[in-house]
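Asks: Take this structure, written in structure tokens, and hold onto it; I'll ask about it next.
Chains as they are written, first to last, in this note's numbering: chain A, 1 to 77; chain B, 78 to 154; chain C, 155 to 312; chain D, 313 to 470.
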């Protein structure tokens, strides 16, 4: 099971701050595709991601127990 | 009478923070020469001055009632 | 016990608490950046803001910024506190305190930190205007991500 | 009643009192410079310092710096407090607070202010070491004026 965190506009669009994907090993790309279908989110292909709190790329491998965070454009500071 | 203010090392060397020069109209240059003689100060020819709280030059005219401040190299901040 | 140099909080930030963390007998200069909520951006009036963060990753990214700064300027000490939740006009969103033996570096390192925060620290700001709201995104192209209208370029203290 | 933006005081400086003077609904960024007394300069240990000022002219020069800054960056607000008298290691000698809608300018204007203070504001610093004292002068050539030994280049937060 993969933990997925959603923030800002993605959290509002999906209606959830945290969801789980039932998979044992997938790529970040596959997580994004699953999210798009499951929560009818607009295209996530430009959205940055972090796996276990480190920035990741679309081909980063995610395993069961990992946490994937979708990071829309940030605006801190 | 001209009021003369001395600061920092000049104040310590002269032993006074304020002295008066009995004159009605002189140049800053003349004030410096008078001070050098009167208080055996080391050469003041590179020392900056202010007349009535504005930076002045050696040929600035000083009149009775004016205040001349000798400004050794500053080190504020 | 070591203080936490990097904090995400939903409470008002006390500037002197952040500054105190970088004080040192060997510091001659401390620079502090205080990011506050500005009312007007290009004539448009902000009513209030809301900040959201991904706290554990944000703290890691603050530590990453500290690491980068120590590589460039080994003598610098830095502390950062960022507030989240609802903020009103003039409230403090972020405080960055930097100390250094020399002042030039204290300015440079502080500005480096805020620039990097805007690039890599997962914190998001939602603007509330009279006629709508929007999550603002500077990271990719300095325009808000498509979300609610109105779309407005914005950065309360850019 | 308008507060005094520029102050020379023989009392400890409270940073937030200076910062408060530049707060504004239109400020997105406040930068604060805190100049503190550093213990070591090139390996030489300072015991304490003494600052002297020519207060009325110093205030005029602070106002002159404000004028220069407003000409360059009209939206900037600035406040400066400088302490005089005896200061111990880590004591605050000067606080400069600058606010601006945009952060880049808040850094630039603040650094401009401290650079100008060191050029035109009549304030003097005397160093006390274990083996002597000296009035430090940065204005002409960044070396102390001839006075007591030892001669030592110095600027506690250059």
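We put the CB at the ideal spot given by N, CA and C, even for glycine.
Tell me the rounded alpha-carbon separation between residue 251 of chain C and residue 187 of chain C.
Replies: Translated into the one-based positions of the third chain, residue 251 of chain C becomes position 97. Translated into the one-based positions of the third chain, residue 187 of chain C becomes position 33. The straight-line gap from Cα to Cα measures roughly 7 Å.
Asks: Rounded to whole angstroms, what's the CA-CA distance from residue 325 of chain D to residue 119 of chain B? Just pull it up for me.
Replies: Residue mapping note: residue 325 of chain D aligns to position 13 of the fourth chain, counting from 1. Residue mapping note: residue 119 of chain B aligns to position 42 of the second chain, counting from 1. Cα to Cα, residue 325 of chain D sits roughly 36 Å from residue 119 of chain B.
Asks: Tell me which same chain residues have a C-beta within less than 7 Å of the C-beta of residue 180 of chain C, skipping the five on either side of it?
Replies: Taking the third chain and counting its residues from 1, the one referred to as residue 180 of chain C is at position 26. Hits under 7 Å: 255.
Asks: Give, in chain order, every residue of the segment 348-381 of chain D whose Cβ lies closer than 8 Å to some Cβ of chain G.
Replies: No chain G is part of this structure, whose protein chains are labelled A, B, C and D.
Asks: Do you know how far the Cα of residue 217 of chain C is from the Cα of residue 178 of chain C?
Replies: Taking the third chain and counting its residues from 1, the one referred to as residue 178 of chain C is at position 24. Taking the third chain and counting its residues from 1, the one referred to as residue 217 of chain C is at position 63. Whole-angstrom Cα-Cα distance: 20 Å.
Asks: Pull up the distance between the alpha-carbon of residue 140 of chain B and that of residue 99 of chain B, whole angstroms please.
Replies: Along the second chain, one-based indexing puts residue 140 of chain B at 63. Along the second chain, one-based indexing puts residue 99 of chain B at 22. Each residue's alpha carbon lies about 10 Å from the other.
Asks: As a quick exercise: from D:341, D:322, D:321, pick the residue whose alpha carbon is nearest that of residue 269 of chain C.
Replies: In the third chain, counting from the first residue as 1, residue 269 of chain C sits at position 115. Per the Cα distances, D:341.
Asks: Quick check on residue 151 of chain B - is its C-beta less than 8 Å from some C-beta in chain D?
Replies: One-based indexing of the second chain puts residue 151 of chain B at position 74. Answer yes: the Cβ-Cβ gap between residue 151 of chain B and chain D drops below 8 Å somewhere.
Asks: How close, in whole Å, do the beta carbons of residue 271 of chain C and residue 279 of chain C come, if the pair is a contact with beta carbons under 8 Å?
Replies: Position 117 of the third chain, counting from 1, holds the residue named residue 271 of chain C. Position 125 of the third chain, counting from 1, holds the residue named residue 279 of chain C. Their Cβ separation, rounded to whole angstroms, is 12 Å, which puts residue 271 of chain C and residue 279 of chain C out of contact at 8 Å.
Asks: Whose CA, out of D:349, D:355, D:343, D:386, lies closest to the CA of residue 398 of chain D?
Replies: On the fourth chain, residue 398 of chain D is found 86 positions in, with the first residue counted as 1. Of the listed residues, the one whose Cα sits closest to residue 398 of chain D is D:349.
Asks: If residue 103 of chain B sits next to residue 126 of chain B, beta carbons under 8 Å apart, how far is it from one beta carbon to the other, in whole angstroms?
Replies: Position 26 of the second chain, counted from the first residue, corresponds to residue 103 of chain B. Position 49 of the second chain, counted from the first residue, corresponds to residue 126 of chain B. Incorrect: roughly 12 Å between the Cβ atoms, too far for contact.
Asks: Within the continuous alpha helix (DSSP H) that includes residue 251 of chain C, where are the two ends?
Replies: Numbered from its first residue, the third chain carries residue 251 of chain C at position 97. Careful: residue 251 of chain C lies outside any alpha helix (DSSP H), inside the beta strand (DSSP E) at 246-254.
Asks: Got a sec, what are the start and stop residues for the beta strand (DSSP E) residue 205 of chain C sits in?
Replies: The count along the third chain starts at 1 and reaches residue 205 of chain C at position 51. Segment 198-207, the beta strand (DSSP E) holding residue 205 of chain C.
Asks: Determine the chain B residues that contact residue 449 of chain D at a beta-carbon separation under 9 Å, and present them in chain order.
Replies: As a position in the fourth chain, residue 449 of chain D is number 137, starting the count at 1. Here the neighbours are 85, 86, 149, 150, 151, 152.
Asks: How about residue 130 of chain B: is its C-beta nearer than 8 Å to some C-beta of chain D?
Replies: Residue 130 of chain B sits at position 53 when you count from the first residue of the second chain. Yes, residue 130 of chain B counts as interfacial toward chain D.
Asks: Tell me which residues share the same chain as residue 171 of chain C and place their Cβ nearer than 8 Å to its Cβ, disregarding the 5 neighbours each side in the sequence.
Replies: As a first step, residue 171 of chain C must be located in the third chain, where it is residue number 17. Here the set comprises 235.
Asks: Name the residue from D:435, D:441, D:417 whose alpha carbon lies nearest to the alpha carbon of residue 355 of chain D.
Replies: Start at 1 with the first residue of the fourth chain, and residue 355 of chain D comes out as number 43. The shortest C-alpha separation from residue 355 of chain D is found at D:441.
Asks: Can you name the start and end residues of the beta strand (DSSP E) that residue 47 of chain A belongs to?
Replies: Here residue 47 of chain A corresponds to residue number 47 of the first chain, with the count starting at 1. No beta strand (DSSP E) contains residue 47 of chain A, which DSSP labels as neither H nor E.
Asks: Under a CB-based cut-off of 8 Å, is residue 271 of chain C close to chain A?
Replies: Start at 1 with the first residue of the third chain, and residue 271 of chain C comes out as number 117. With 8 Å as the cut-off, residue 271 of chain C counts as an interface residue toward chain A.
Asks: Less than 8 Å between the CB atoms is what I'm expecting for residue 243 of chain C and residue 206 of chain C, so what's the real figure, rounded?
Replies: Position 89 of the third chain, counted from the start, is the residue given in the question as residue 243 of chain C. Position 52 of the third chain, counted from the start, is the residue given in the question as residue 206 of chain C. That belief does not hold up - the Cβ atoms of residue 243 of chain C and residue 206 of chain C are roughly 19 Å apart, past 8 Å.
Asks: Name the residue from C:215, C:286, C:260 whose alpha carbon lies nearest to the alpha carbon of residue 161 of chain C.
Replies: Locating residue 161 of chain C in the third chain gives position 7, where the first residue counts as 1. That would be C:215, whose Cα lies nearest to the Cα of residue 161 of chain C.
Asks: Could you tell me how far apart the beta carbons of residue 137 of chain B and residue 105 of chain B are, in whole angstroms, since I believe they sit closer than 8 Å?
Replies: By one-based count along the second chain, residue 137 of chain B stands at place 60. By one-based count along the second chain, residue 105 of chain B stands at place 28. About 5 Å; that satisfies the 8 Å criterion.
Asks: Go ahead and pull the three-state DSSP assignment for residue 329 of chain D.
Replies: The residue labelled residue 329 of chain D in the question sits at position 17 within the fourth chain. The answer is helix: DSSP assigns residue 329 of chain D an H, G or I state.
Asks: Between which two residues does the alpha helix (DSSP H) containing residue 153 of chain C stretch?
Replies: No answer is possible for residue 153 of chain C: the residues shown for chain C start at 155 and end at 312.
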